[in-house]
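Worksheet for the structure shown next.
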Amino acid sequence: MNKGKFQNKYRISSIRAQWWDYGWNGAYFITICTQDRKHYFGEIQNNKMVLSEVGIIADLLWHQIPIHHKNVELGDFVVMPNHIHGILIIDKQSNNIDNVQTGRVETGHALSLTTSPFQKPGSQRFQNIGKNTISSIVGSYKSAVTKHANRLGYPHQWQKLFYDNIIRSNNDYQKISDYIVSNPENWAKDKFKTEDKSK
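Going left to right, the sequence shown walks through residues -5 to 193 as our numbering numbers them.
Below you can see the structure in the form of structure tokens.
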């Protein structure tokens, strides 16, 4: 797969779309890297990911996210040597009234599009505060992985920020899912590939 396929499609967490509330229903493509791209999570062998102890922790805790966060579902996910890719889906079934008020369009598969970048005055300030926003979910996950790894005596550090992309259509969702699933076999061309710095 072309390593540039998703270039310039990430948004770093400090410069997110100001008109978008990251607690809204939608599907989000998440990438979190390790500090200095160190290979804490394992190695690629024969085009397959072989998880280290920390990699196993990262994998298990990602799949526990829906246990700790209401109305959150998981799409495809992969642990790579120095980063993870995953799809988080926020699907609040009771939000139909709010959807009308905010001008959002339900598109199926928990994908939500906005019909306008308009936002109520004053609401932008609080758009990413809450227990079920992408920032809070990812922050809790990162903290849990680090806590468990350190408790067991394994070195691990995350990069401070993370990357996200609002998935806007079912076609984009499928392309990103395919990208995630095929990531191990395309490691040689991966934009995040580095030499192992964990040793």
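No residue lacks a Cβ here, since even glycine has one placed at the ideal position from N, Cα and C.
If you count every other CB in all the chains shown that lies within 10 Å of the CB of residue i, and 16 or more means buried, which is it?
| i | result |
| --- | --- |
| Leu55 | buried |
| Val44 | exposed |
| Ala182 | exposed |
| Ile9 | Per-residue confidence for Ile9 stands at a pLDDT of 44, beneath the threshold of 50, marking its modelled position as unreliable; the derived number appears in the next sentence. Its Cβ having fewer than 16 others within 10 Å, Ile9 is exposed. |
| Gly49 | buried |
| Ile131 | buried |
| Ile194 | Past the edges of the chain, shown from -5 to 193, lies residue 194, and the structure says nothing about it. |
| Lys136 | buried |
Which of the three DSSP states is assigned to residue i in this structure?
| i | result |
| --- | --- |
| Thr188 | coil |
| Asn126 | coil |
| Lys42 | strand |
| Leu82 | strand |
| Leu68 | strand |
| Gly147 | coil |
| Tyr135 | helix |
| His77 | strand |
Could you pull out every residue in the same chain whose Cβ sits closer than 6 Å to the Cβ of residue i, ignoring the five residues on either side in sequence?
| i | result |
| --- | --- |
| Gln151 | Gln29 |
| Trp47 | A small correction: the amino acid at residue 47 is Glu; Trp does not occupy that position in the sequence shown. If we look at Glu47 and ignore the five residues flanking it on each side, its Cβ neighbours are Tyr148. |
| Ala143 | Val48, Ile51 and His150 |
Excluding the five sequence neighbours on either side, which residues of its own chain have a C-beta within less than 8 Å of the C-beta of residue i, listed in chain order?
| i | result |
| --- | --- |
| Ile81 | Ala21, Tyr22, Phe23, Ile24, Leu68, Gly69, Asp70, Phe71, Ile161, Tyr167, Ile170, Ser171 and Ile174 |
| His57 | Leu68 and Phe71 |
| His62 | Ser134 |
What distance in whole Å lies between the Cβ atoms of residue j and residue i, which are believed to be in contact at a cut-off of 8 Å?
| i | j | result |
| --- | --- | --- |
| Asn76 | Lys141 | That belief does not hold up - the Cβ atoms of Asn76 and Lys141 are roughly 20 Å apart, past 8 Å. |
Can you list, in chain order, the residues of its chain whose CB lies under 7 Å from that of residue i, leaving out five sequence neighbours each side?
| i | result |
| --- | --- |
| Ala52 | Phe35, Val73, Ile78 and Val139 |
| Ile38 | Pro75, Pro178 and Trp181 |
| Ile59 | Val66, Leu68, Ile131 and Tyr135 |
| Lys42 | Pro178 |
| Phe156 | Ser7, Ile24, Thr25, Ile26 and Val132 |
| Lys187 | Trp181 |
In chain order, what are the residue ranges of uninterrupted alpha helix (DSSP H) at least 4 long that sit wholly in the segment 151 to 178? 164 to 175
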